[in-house]
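S.K.: In this note's numbering, the protein residues as written are 11 to 402. Built from N, CA and C at the ideal position, the CB exists for glycine as well.
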Amino acid sequence: RPWILGCMPFIAVAYFFLWFLPPFTSLRGLWYTTFFCLFQALATFFQVPYTALTMILTPSPRERDSATAYRMTMEMAGTLVGATLHGLIVSGAHQSQQCEDAVLPRSAAVSPDATRLYCIAAAVVAMTYPVCGGLLCLGVKEPPDSSAPASGQGLSFLAGLGITVRHPPYLSLVVSFLLISAAVQVEESYFVLFCMHASRLHDHIQNLVLTILVSAVLSTPLWEWVLQRFGKRTSAFGICVMVPASVLLVAVPSAPVAYVVAFFSGVSIAVSLLLPWSMLPNVVDDFQLQQQQHGPGVETIFYSSYVFFTKLAGAGALGISTLSLEFAGYKAGACQQTEEVVFTLKVLIGAVPTCMIIIGLCILMFGPSPRVPSQDIPCQLKLRRRTSYSLA
11 RPWILGCMPF IAVAYFFLWF LPPFTSLRGL WYTTFFCLFQ ALATFFQVPY
61 TALTMILTPS PRERDSATAY RMTMEMAGTL VGATLHGLIV SGAHQSQQCE
111 DAVLPRSAAV SPDATRLYCI AAAVVAMTYP VCGGLLCLGV KEPPDSSAPA
161 SGQGLSFLAG LGITVRHPPY LSLVVSFLLI SAAVQVEESY FVLFCMHASR
211 LHDHIQNLVL TILVSAVLST PLWEWVLQRF GKRTSAFGIC VMVPASVLLV
261 AVPSAPVAYV VAFFSGVSIA VSLLLPWSML PNVVDDFQLQ QQQHGPGVET
311 IFYSSYVFFT KLAGAGALGI STLSLEFAGY KAGACQQTEE VVFTLKVLIG
361 AVPTCMIIIG LCILMFGPSP RVPSQDIPCQ LKLRRRTSYS LA
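#1: Taking DSSP as the reference, what is the three-state secondary structure of A208?
#2: Measuring alpha carbon to alpha carbon, tell me which residue in S282, C142, S225, C345 is nearest C205.
#3: Give the single residue among A280, P380, L328, A338 whose Cα lies nearest to the Cα of A79.
#4: Terminal residues of the continuous alpha helix (DSSP H) containing G92?
#5: Could you round the C-beta distance between I373 and S186 to whole angstroms and report it? I think they count as a contact, below 8 Å.
#6: How would you call Q347, buried or exposed, if buried means at least 16 neighbouring beta carbons within 10 angstroms?
#7: Exposed or buried, which one is W235 when buried takes at least 16 other CB atoms within 10 Å?
#8: How should D123 be labelled, buried or exposed, when 16 other C-beta atoms within 10 angstroms of its C-beta is the threshold for buried?
#9: Give the secondary structure of A261 by DSSP, where H, G and I count as helix, E and B as strand, and everything else as coil.
#10: Would A255 and S229 qualify as a contact pair, given that the criterion is a beta-carbon distance under 8 Å?
#11: Go to P122, then tell me how far its alpha helix (DSSP H) extends in each direction, as first and last residue.
#12: Please report the distance separating the alpha-carbon of L171 from that of K356.
#13: The alpha helix (DSSP H) spanning S379 covers which residue range?
#14: Would you decide whether R74 is buried or exposed? Buried here means 16 or more other CB atoms lie within 10 Å of its CB.
#15: Taking A77 as the reference, which of P12, M65, A131, F46 has the closest Cα?
#16: Could you name the residues of the same chain whose beta carbon sits closer than 8 Å to that of P266, not counting the 5 residues immediately before and after it, in chain order?
#17: Considering Cα atoms alone, identify which of F319, A246, P263 is closest to T54.
#18: Under three-state DSSP, which class holds L28?
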C-alpha cells in the first residue's frame, strides 16, 4: 500500500505535464518523451501492488475471479468516463476540419484557448489519481496471517524471477498473453489511422472509439459469468471474435461494418483483459502448493514480472509496426497517404493481430494449465500458511 499511496501524487503531476504546452519549442519532443516515460514508470509502480492485492482479499479462487471482474469493469468504466470528460472539456478547442489539401498546415500555432482547455482537462483527470488511491488504501486492508511462519524469508527478485519463469503454467500464460495483448494493442493503436486513411471514416472515429469502450464495459460481467460457467480456457475463445471482425473491416471498409467491428472488438478486448488477471492467481496458487521450499512474497514476483513482460511485448510490437509505417512512407499530418501506407495499415489491422491471436490461443490451449486448489479446509489452510501479506 505505501507504493500505491506514495506514487499517486507523482502520477497526477506527470499526467498533467503530458498535456501542458511548454513555452519553448525546440525541446518539446524531449519534454513529452520525458513525462510520458515518467508516467508509464509511475503507473507500473501503482499497477503491480494494485493487481497483487487480489491475492489477499480471499483465498477462494471463485471469489478472486469475481473481484477481478469487478476491478476490470471499474477500470474500463473509469477509462470511458475519463475519456468522455476529457473530450467534452477540450471539444471547444477543435473545429470540424475537412481534409482537402494534400498536407495539413504544420505551422499552425496552438491557440491560448486550446492550451487552457487542455490544461483544465488534464487537471480534472489528474485529481482523480490521488483521490482514488487514497480511497483504495483506506478501503482495502491487508490482514496479517497468523498462520504464516514468522521466520519465513522471502526470495530476492532475481532469484524469484528465475524460479517463476521456469514454472510451466506461468510460462504458458505469459507467452500466450504476450502475443494476445500485443495483438490487441496493435489493433487499438492503428484503428484510428485505418479509419482515417484506409476507409474514409473521419467523421465516425469518436463514435467508433466510444462504441469500443461501451461494449467492453458492458460485456465484462457477461464474460465473468461465462468464465465461471464454462471455464477459463473455454472463455479464451472469445478473443477470436476480433479476428473475423478485423478481416471484415479490411475487406468492407464501410461505416455500418465499422460499427459492428467496433462492438465486437470491445467484446473481445474485454475478455483479453479479464482472462489473464483471472488466471494469474491460479498460477500463483499452483506454484505455492507445489514449491514448499520457497519463502513468502513470491506472488509479487509473479505479478511484477507479468506486468514487465506484457509492457515489453506491447512496446516491441508497437515499435515494429511504427517502423513498418515509416518504411512504407507514412507522413504525419498528410491527408492523403500512399497505397503502400494503406496496404500496411490493412496488414496491421487484419493479418498481424489475427496471426498473433491464433498463435497465442494455441499456446494457451495446449500448454500446461495450473491446478485450481480444492475448496476443502486442509487445502485452504495449507495455502494460507504459505501466502504472504507483506505488500504493505
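M.R.: Working from what's here:
#1: coil
#2: Comparing Cα-Cα distances from C205 to each of S282, C142, S225, C345, the minimum goes to C345.
#3: A280
#4: 71–100
#5: The beta-carbon distance between I373 and S186, rounded to whole angstroms, is 4 Å. This is short enough to meet the 8 Å contact definition.
#6: buried
#7: exposed
#8: exposed
#9: helix
#10: no
#11: 122–149
#12: 38 Å
#13: No alpha helix (DSSP H) contains S379, which DSSP labels as neither H nor E.
#14: buried
#15: M65
#16: none
#17: F319
#18: Three-state result, L28: helix.
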